[in-house]
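For reference, the structure discussed in these notes is given below.
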Amino acid sequence: MKRVATVLCAMAMAGCQSADRRVDAADYDSYWLWAGVAPQPVLAQAKTIYILQGELRAAKNSHLISLRPGTPAVRHADLWIVYRIETLDWGEEVLPQIKDDITRWKTAGNNVVGVQIDFDAATRGLANYASFLAELRSSLPGDVRLGITGLLDWSAQGDSTDLNRLAGVVDEVVLQTYQGRHTIPGYENYLKSLSRLKLPYRIGLVQNGVWKAPDDLKRDPEFRGYIVFLLNPE
Numbered sequence: 000m001k002r003v004a005t006v007l008c009a010m011a012m013a014g015c016q017s018a019d020r021r022v023d024a025a026d027y028d029s030y031w032l033w034a035g036v037a038p039q040p041v042l043a044q045a046k047t048i049y050i051l052q053g054e055l056r057a058a059k060n061s062h063l064i065s066l067r068p069g070t071p072a073v074r075h076a077d078l079w080i081v082y083r084i085e086t087l088d089w090g091e092e093v094l095p096q097i098k099d100d101i102t103r104w105k106t107a108g109n110n111v112v113g114v115q116i117d118f119d120a121a122t123r124g125l126a127n128y129a130s131f132l133a134e135l136r137s138s139l140p141g142d143v144r145l146g147i148t149g150l151l152d153w154s155a156q157g158d159s160t161d162l163n164r165l166a167g168v169v170d171e172v173v174l175q176t177y178q179g180r181h182t183i184p185g186y187e188n189y190l191k192s193l194s195r196l197k198l199p200y201r202i203g204l205v206q207n208g209v210w211k212a213p214d215d216l217k218r219d220p221e222f223r224g225y226i227v228f229l230l231n232p233e
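If you want it as structure tokens, here you go:
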């Protein structure tokens, strides 16, 4: 009987620990709002919102496809304009489109603080990506920051020199701990190498996913907090 009670207690504790590790969007203040995802009440408490504006697909003569029919009107939070891109081979009209979006969003009264590029750059291609981003950065308005998303593999497998070439080029990198609607299994192992990043970074979490912060994360001077990717209810 004593053994049964011990097992039941252990199971209960495991259940509590699992529940505690679920990503509750209400516990955070920065969010991604993707195309097709309905706004949630939790956005009312947001300090920062990253809103997907357009997509650049890998095709000949690539151009930006707008994924947002209207212009946001947000007064209580800082906004980042996000572009999901599949290629670094941009047509001549892409940069003017981005600049037009920045102007339009600002004119509507939004506090646009940055542009975020969501691109799955291969770890071995980071040097080339850094050069691309440096050119992009020089073309953006001086009061607009540049941010990027990053793969977990960067921190574990990326060359330190290539990784840190991003310092001074981007204002932040957001490492994504999820794929689709789910947390990447074994994400903890990738995060052991975060100290190699010598530039500001955030951790991207998925709503209702799983998360347990490394013990020393809050002590890292480059750590800037979290962003939660919001989902529609299943």
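Numbered as in numbering that gives the first Met the number 0, the sequence shown ends at 233 without a single skipped number.
All C-beta atoms in this analysis are idealised placements derived from N, C-alpha and C, irrespective of residue type, glycine included.
According to DSSP, is Trp31 helix, strand or coil?
In the sequence shown, the residue the question calls residue 31 occupies position 32. Three-state result, Trp31: strand.
Out of Arg21, Arg164, Val169 and Thr176, point me to the one whose CA is closest to Gly141's CA.
Taking the sequence shown and counting its residues from 1, the one referred to as residue 141 is at position 142. It is Val169.
Which residues in the same chain as Glu234 place their Cβ atom closer than 8 Å to its Cβ, once the five residues preceding and following it in sequence are excluded?
In the structure as shown, the chain begins at 0 and stops at 233. Residue 234 is therefore absent and cannot be evaluated.
Keeping to the same chain, check which residues put their C-beta closer than 7 Å to that of Pro38; ignore five residues upstream and five downstream.
What you label residue 38 is simply residue 39 of the sequence shown in a count that begins at 1. Cβ neighbours of Pro38 beyond the five flanking positions: Leu32.
With a threshold of 7 Å on Cβ separation, who are the neighbours of Glu171 within its own chain once the five nearest residues in sequence on each side are excluded?
Numbered from 1 along the sequence shown, position 172 holds the residue referred to as residue 171. So the list reads Gly146, Pro199, Tyr200, Arg201 and Arg223, once near-sequence residues are dropped.
Please say whether Arg164 and Ala129 have beta carbons closer to each other than 8 Å?
Start at 1 with the first residue of the sequence shown, and residue 129 comes out as number 130. Start at 1 with the first residue of the sequence shown, and residue 164 comes out as number 165. Taking 8 Å as the Cβ cut-off, Ala129 and Arg164 qualify as a contacting pair.
Should Leu151 and Tyr186 be called a contact, given that it needs their Cβ atoms to be closer than 8 Å?
Taking the sequence shown and counting its residues from 1, the one referred to as residue 151 is at position 152. Taking the sequence shown and counting its residues from 1, the one referred to as residue 186 is at position 187. Contact flag set, yes.
Where Pro71 and Ile48 are concerned, what is the direct C-alpha to C-alpha distance, given to the nearest angstrom?
Translated into the one-based positions of the sequence shown, residue 71 becomes position 72. Translated into the one-based positions of the sequence shown, residue 48 becomes position 49. In a straight line, the C-alpha of Pro71 is about 11 Å away from that of Ile48.
Between Val73 and Asn109, which are expected to be in contact by the criterion C-beta below 8 Å, what is the C-beta distance as a whole number of angstroms?
Numbered from its first residue, the sequence shown carries residue 73 at position 74. Numbered from its first residue, the sequence shown carries residue 109 at position 110. Right, the Cβ-Cβ distance comes to about 5 Å (below 8 Å), so this counts as a contact.
How is Asp26 classed by DSSP in three states: helix, strand or coil?
Numbered from 1 along the sequence shown, position 27 holds the residue referred to as residue 26. The answer is helix: DSSP assigns Asp26 an H, G or I state.
Might you give, ordered along the chain, the residues of its own chain that have their beta carbon closer than 6 Å to the beta carbon of Tyr27, omitting 5 neighbours on each side?
Within the sequence shown, residue 27 is the residue found at index 28, counting from 1. The answer, listed in chain order, is Tyr225 and Val227.
Distance check for Ser29 and Pro213, CA to CA, integer angstroms please.
Here residue 213 corresponds to residue number 214 of the sequence shown, with the count starting at 1. Here residue 29 corresponds to residue number 30 of the sequence shown, with the count starting at 1. The straight-line gap from Cα to Cα measures roughly 20 Å.
Between Arg21 and His181, what straight-line distance do the alpha-carbon atoms span, to the nearest angstrom?
Taking the first residue of the sequence shown as 1, we reach residue 21 at position 22. Taking the first residue of the sequence shown as 1, we reach residue 181 at position 182. Going from the Cα of Arg21 to the Cα of His181 covers about 11 Å.
Provide the residue(s) that pair with Gln206 in DSSP beta bridges, ordered along the chain.
Residue 206 sits at position 207 when you count from the first residue of the sequence shown. BP columns for Gln206 are empty, so no partner.
Based on the DSSP secondary-structure assignment, which residues constitute the bridge partners of Leu51?
Walking along the sequence shown from the start, residue 51 turns up at place 52. Per DSSP, Val81.
Which one or two residues does DSSP pair with Val114 in a beta bridge?
Along the sequence shown, one-based indexing puts residue 114 at 115. Ile80 and Leu145, per the DSSP bridge assignment.
Please report the straight-line C-alpha distance between Leu190 and Val205, rounded to a whole angstrom.
Walking along the sequence shown from the start, residue 190 turns up at place 191. Walking along the sequence shown from the start, residue 205 turns up at place 206. Rounded to the nearest angstrom, the two C-alpha atoms are 16 Å apart.
Buried or exposed: Ala24, going by 16 or more other Cβ atoms within 10 Å of its Cβ?
Counting from one through the sequence shown, the residue named residue 24 turns up at place 25. Buried, because 16 or more other Cβ atoms sit within 10 Å of the Cβ of Ala24.
Once the 5 residues before and after Leu234 are set aside, which same chain residues still bring their CB inside 7 Å of it?
The structure shown does not extend to residue 234, since the chain is modelled only from 0 to 233, so the question has no answer here.
Roughly how many angstroms separate the alpha carbons of Lys211 and Leu174, rounded to a whole number?
In the sequence shown, residue 211 corresponds to position 212, counting from 1. In the sequence shown, residue 174 corresponds to position 175, counting from 1. Using only the alpha carbons, I get a separation of about 15 Å.
By the three-class DSSP mapping on this structure, what secondary structure does Arg223 have?
Looking up residue 223 in the sequence shown gives position 224. Note: Arg223 maps to strand in three-state DSSP.
Can you name the residues that DSSP bridges to Ile64?
Taking the first residue of the sequence shown as position 1, residue 64 is located at position 65. Paired residue(s): Glu54.
Taking the straight line between their C-alpha atoms, what separation do you get for Asn231 and Leu196?
Start at 1 with the first residue of the sequence shown, and residue 231 comes out as number 232. Start at 1 with the first residue of the sequence shown, and residue 196 comes out as number 197. Between Asn231 and Leu196, the C-alpha separation is close to 32 Å.
For a quick check, are the C-beta atoms of Val112 and Lys105 less than 8 Å apart?
If you number the sequence shown from 1, residue 112 lands on position 113. If you number the sequence shown from 1, residue 105 lands on position 106. Cβ atoms of Val112 and Lys105: not closer than 8 Å.
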